[in-house]
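Using this note's numbering, the first residue of the sequence shown is number 21, and each one after it goes up by one. Heads up, the beta-carbon is just placed ideally off N, CA and C, and yes, glycines get one too. Remember, predicted model here, so these are calculated numbers, not experimental data.
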Amino acid sequence: MIILASTSRTRQQLLNHAGIAFVSDAPRVDERAVSASHPDWLPADMAVGLAEAKAIEVSDRHPQALVIGADQVLAIDSRTFSKPRDQEDCRSQLMELRGNTHSLISGVVAARAGQILWSHYDEARLTMRSFSDTFLDTYLRQTGVDCTSSVGGYKIEGLGVQLFDSVDGDHFTILGLPLLPLLSFLRHSEEIPT
21 MIILASTSRT
31 RQQLLNHAGI
41 AFVSDAPRVD
51 ERAVSASHPD
61 WLPADMAVGL
71 AEAKAIEVSD
81 RHPQALVIGA
91 DQVLAIDSRT
101 FSKPRDQEDC
111 RSQLMELRGN
121 THSLISGVVA
131 ARAGQILWSH
141 YDEARLTMRS
151 FSDTFLDTYL
161 RQTGVDCTSS
171 VGGYKIEGLG
181 VQLFDSVDGD
191 HFTILGLPLL
201 PLLSFLRHSE
211 EIPT
């Protein structure tokens, strides 16, 4: 059995569309507390470390299952951003990202019986355009509280694509799950057909 340690609709859709049979189980992990307890983590360390924390927590409750944990960190240089707490926080983040290039780093791990079996991360670079305040107001009105569901306050697979001038990186990494390396691991470990 494969368990996705996430309730992310996007990650669930990616696995579903790839034909992977799995169930989801929400990890009981305080992401902010885990991050705060590791102030020396670089953004990639944070993405993998949070994915590990989620996978291990769910794996401890389901020791026979292969558990997939994933997390994504948005960074400008070494500064990281969390999911916005509310629409005003979303506005602040988007204003800070406006006209700048940032990284999305997605980490994915696999665990069984509380042990990490495999981990991987990938990075994409995105350049946000210098959109107007009027556009930002319209964007926030149209997205509503949904802007708080992803780091940076946008979903590039939706209206958020209008925020960008350029994107350099793997589409699946941008969506929060480096899918091709994960599928390779699952085939190698004989969890899915080769």
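Which same chain residues end up closer than 7 Å to residue i when comparing Cβ atoms and leaving out the 5 residues on each side of it in sequence?
i	result
L197	R31, L34, A90, S126 and V128
So, under 8 Å CB-CB, residue i and residue j are touching, yes? Tell me the CB distance rounded to an integer number of Å.
i	j	result
S55	M66	6 Å
E72	P47	The pair is not a contact, with the Cβ atoms about 11 Å apart (cut-off 8 Å).
A95	S123	5 Å
Give the DSSP-derived three-state secondary structure of residue i in the structure shown.
i	result
A133	coil
F205	helix
I176	coil
E72	helix
E108	helix
H82	coil
F184	strand
R145	strand
Determine the closest residue to residue i out of the options, with distance taken between C-alpha atoms.
i	options	result
D106	I23, G39 and R161	R161
G119	T147, D45 and A64	T147
L200	L124, H140, R81 and T158	H140
D109	G172, D190, D188 and T214	G172
I194	A144, R52 and D50	A144
L156	R99, E51, D50 and G180	G180
R207	S26, S28, G39 and T158	G39
V49	T168, K74 and W138	K74
I136	S44, P213, T214 and S79	S79
Quick one: residues in its chain with C-beta nearer than 6 Å to the C-beta of residue i, no 5 flanking neighbours on either side, listed in chain order?
i	result
A85	M21 and I23
A64	I125 and Y141
I88	L24 and A130
L116	In the sequence on display, residue 116 carries Glu and not Leu. The answer is none, since no qualifying residue turns up.
Could you please give the first and the last residue of the uninterrupted beta strand (DSSP E) stretch that includes residue i?
i	result
T100	R99 to F101
L86	L86 to I96
V54	Note, V54: premise wrong, no beta strand (DSSP E); alpha helix (DSSP H) at E51 to A56.
R22	One point to set straight first is that residue 22 is Ile, not Arg, in the sequence displayed. Segment I22 to L24, the beta strand (DSSP E) holding I22.
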